[in-house]
DNA sequence: AATAATTTTTAGATTAACCTAAAAAATAAA
DNA sequence: TTTATTTTTTAGGTTAATCTAAAAATTATT
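Chains as they are written, first to last, in the working numbering: chain A, 3 to 223; chain B, 3 to 223.
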């Protein structure tokens, strides 16, 4: 069935909200991410439900149907593969690619996206460490920890970020924090929950709790 | 000023029609290429004129303004660069890329298109031999002959095609006619204007006038 | 449990891009 | 130069996606 860019964006947003919770997604939550009004969302949810892509009962919130989930994952797949292309092949920085990928994710051609996947060497994650769903729409669950959740002095590897905003990514770049960076936690301060950490064996610096919350790491030792 | 996909497509179509003639473009001609009705075209032409992208007087036809020409050429540039990408990097055949490029040409990012240009090695023509406008929107005029216009037994090189339809391109592929192919004209038949020609030194075959009209060549000898 | 606050939905409009049918203008033919 | 034909425009409507304002349902608070 034909799908519009707008419908694709709604499915993508509902999918993103569903990842964070097992509860139904509220109209307001969708409205906020779609940067639109709740009334518009209500209209669209009814339409998406008619097309069979979401389960929606009025006043009860919404969730993706199996079919809707499939569509959402194919958009995520396209978005993340294009991000890899933009960084690996076009030479963009990781904080510059989100907006362009938002456009490219709507290009419709299974053949193209599978050829692109191959051309990029079947990458497992995008430049922010987010996993890329495969052709069958299966998204490997990567169980990484939030740096902010770590309670002891450990050595970790930066595997991803929980936020794609340019300001955040630029801050990480300034701190020399990129995918794969080694983090030696020296101290965790109870007072402001800031972390004193050495990055790639450099002299340790302070990282705020706010930043640590958005950094995903694998614990090495 | 903001521009919609639809507006971009109208400007592209008006540009294409303007290349073939120096006269003003008729509403009906635009309607046919846009696959829409004349009444819809009238509405859009008024809108495009208000935005300053075309010069339009009712009942007098339309032509691009300087600004409109600039926009149209930037779309053509994007379309043709993406076609090169699809063929050279993604491994598509020249008859498979038009529809995908129709989507990709609307991606908005000057940075991306200039990086893509560089990545592809600043190609001069697309996979069909059509010239690619440069960053400044200047389209090099390539003066090639239509194979059908050649009146004597000559040796030529295939430089482009005047049509991008998949059926036509697939026929050329079947005849072993690709960009750069050598054509030795053996005979031109007065009766049906068909051409008896050797392709890359193979044994000569007949090519219809209809096909020859859509083949662009450089005369070598 | 009743009331207050919040969330969500309905009702009615708006805009972009399209449509059909009819009117008007331009062009071609008698 | 009238008349006929074709082209183009106008008038009025439709659909998708949005909006504001008001009504209804849900949730939270006394």
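Note that the Cβ used here is the ideal one computed from N, Cα and C, for glycine as well.
Keep in mind that this is a model prediction, so the values were computed, not measured.
Distance CB(residue i)-CB(residue j) smaller than 7 Å
i, j, result
"residue 214/B", "residue 157/B", "no"
"residue 185/A", "residue 199/A", "yes"
"residue 187/B", "residue 155/B", "yes"
"residue 219/B", "residue 149/B", "yes"
"residue 102/A", "residue 118/B", "no"
"residue 13/B", "residue 54/B", "no"
"residue 36/A", "residue 15/A", "yes"
"residue 122/A", "residue 86/A", "yes"
Buried/exposed call for residue i, threshold 16 Cβ in 10 Å
i, result
"residue 194/A", "exposed"
"residue 64/A", "buried"
"residue 142/A", "exposed"
"residue 210/A", "exposed"
"residue 74/A", "buried"
"residue 3/A", "exposed"
"residue 216/B", "buried"
"residue 6/A", "exposed"
"residue 24/B", "exposed"
"residue 76/B", "buried"
Straight-line Cα distance separating residue j from residue i
i, j, result
"residue 140/A", "residue 207/A", "39 Å"
"residue 202/B", "residue 181/B", "12 Å"
"residue 94/B", "residue 78/B", "19 Å"
"residue 134/B", "residue 125/B", "7 Å"
"residue 189/A", "residue 167/A", "27 Å"
"residue 90/A", "residue 174/A", "19 Å"
"residue 104/A", "residue 159/B", "42 Å"
"residue 99/A", "residue 107/B", "18 Å"
"residue 48/A", "residue 109/B", "30 Å"
"residue 38/A", "residue 9/A", "13 Å"
"residue 96/B", "residue 176/B", "13 Å"
"residue 116/A", "residue 72/A", "16 Å"
"residue 183/B", "residue 33/B", "36 Å"
"residue 153/B", "residue 179/B", "20 Å"
"residue 17/A", "residue 147/B", "55 Å"
"residue 58/A", "residue 52/B", "43 Å"
"residue 60/A", "residue 22/A", "22 Å"
"residue 68/B", "residue 68/A", "50 Å"
"residue 46/A", "residue 19/A", "16 Å"
"residue 137/A", "residue 221/A", "29 Å"
"residue 112/B", "residue 205/A", "40 Å"
"residue 92/B", "residue 11/A", "27 Å"
"residue 88/A", "residue 88/B", "15 Å"
"residue 212/A", "residue 120/A", "37 Å"
"residue 191/B", "residue 151/B", "13 Å"
"residue 50/A", "residue 50/B", "33 Å"
Beta-ladder partner(s) of residue i, from DSSP
i, result
"residue 57/A", "65/A"
"residue 133/B", "127/B"
"residue 189/B", "198/B"
"residue 184/A", "159/A"
"residue 220/B", "159/B"
"residue 148/A", "218/A"
"residue 208/B", "198/B"
"residue 27/B", "64/B"
>> Below 8 Å, how does it come out for the stretch 23-39 of chain B and the stretch 56-70 of chain B: are there three or more Cβ pairs, yes or no?
In response: Flag = yes, the stretch 23-39 of chain B and the stretch 56-70 of chain B touch.
>> With three or more beta-carbon pairs closer than 8 Å as the criterion, would you say the stretch 38-46 of chain A touches the stretch 81-92 of chain A?
In response: Contact fails: fewer than three Cβ-Cβ distances are below 8 Å.
> Any contact of the stretch 127-143 of chain B with the stretch 159-166 of chain B, i.e. 3+ C-beta pairs under 8 Å?
Replying inline: A contact between stretches requires three or more CB pairs, one per stretch, nearer than 8 Å, and the stretch 127-143 of chain B meets this requirement with the stretch 159-166 of chain B.
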